[in-house]
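Let me begin by presenting the structure, written as structure tokens, before commenting on it.
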Amino acid sequence: MGVSLQVTDQCVALAQREAFSQSNTDPRVAKTAKDCCFIVDKKEQRKTTMEPLVARVFDIARPFESPLGTGFPIENRPTEPQTSHSMASYLRLRRDRREPFIKTVSDLHFLLFLCNMLDMKVDMPVLCDKVVNGKHDELDGFQMMINCYAGLQ
-6 MGVSLQVTDQ CVALAQREAF SQSNTDPRVA KTAKDCCFIV DKKEQRKTTM
44 EPLVARVFDI ARPFESPLGT GFPIENRPTE PQTSHSMASY LRLRRDRREP
94 FIKTVSDLHF LLFLCNMLDM KVDMPVLCDK VVNGKHDELD GFQMMINCYA
144 GLQ
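Position one of the sequence shown corresponds to residue -6 (my numbering), numbered consecutively onward.
Dropping the structure here:
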């Protein structure tokens, strides 16, 4: 069973202030303005890792039900790497099961993988909005584009 995490109040407040921006050299790194500080162990710090920005969810009385699936390989796992082949296999399997495309793209690790192909400022916010709001009837363009990236059309 996986561990459920959520962002901390500090992270939400920083995101609402639009304090984060993407590094120009490494898309996995978030940058902040020079005047931005983090509170870590009751001390102000200029830099931090992600640990103070996420918290484990311990509510076992009410299991977390996520609308996101878990069928796509997890990033940074050498035994099952994320490749264009794994993407094509994932899409074929879901298509053969006649799974709705919105359920296919409602996989956190698949969405993270798509970040490497789709425009982060234009395509990904629109795709994520459609997933969050269940707009399955507005995904045809994304389905065609993603299938093309996977070599399925």
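C-beta: ideal position from N, C-alpha, C; glycine also.
Predicted model only: the values in this text are computed from it and were never measured.
Supposed contact pair residue j and residue i - C-beta distance, whole angstroms, cut 8 Å
i    : j    : result
E68  : L107 : Going by Cβ atoms, the distance from E68 to L107 rounds to 12 Å, so no, they are not a contact pair.
G64  : D100 : 6 Å
A143 : S59  : About 24 Å separates the two Cβ atoms, so there is no contact after all.
Per-residue DSSP class, three states only, for residue i
i     : result
D100  : strand
V(-4) : coil
R49   : strand
F94   : helix
F106  : helix
A81   : helix
A23   : strand
Q3    : helix
I67   : coil
Distance cut-off 7 Å: residue i Cβ against heavy atoms of the ligand FMN
i     : result
Q(-1) : Ligands displayed in this structure: none; no statement on the ligand FMN is therefore possible.
Spatial neighbours of residue i in its chain, beta-carbon cut-off 8 Å, leaving aside the 5 residues before and after
i    : result
V47  : L(-2), Q(-1), V0, T1, C4
M113 : Q15, P20
C121 : L104
Same chain only: Cβ atoms within 7 Å of residue i, ignoring 5 sequence neighbours per side
i    : result
Q136 : F94
V124 : I95, V98, S99
N140 : L84, Q146
Proximal residues to residue i (C-beta, below 6 Å), its chain only, five neighbours per side dropped
i    : result
S16  : V22, K24
L111 : M117
T41  : F31, V33
E73  : P66
Q38  : F31
Q75  : P66, E68, F106
Straight-line Cα distance separating residue j from residue i
i    : j     : result
R88  : L61   : 17 Å
Y83  : V115  : 24 Å
M138 : V33   : 42 Å
P20  : N109  : 9 Å
A8   : R85   : 36 Å
M80  : D28   : 41 Å
K36  : F13   : 20 Å
F51  : V(-4) : 9 Å
R49  : R10   : 23 Å
Would you check if there are 3 or more beta carbon pairs closer than 8 Å linking the segment 121 to 130 to the segment 83 to 92? No: the two stretches stay apart, fewer than three of their Cβ pairs being nearer than 8 Å.
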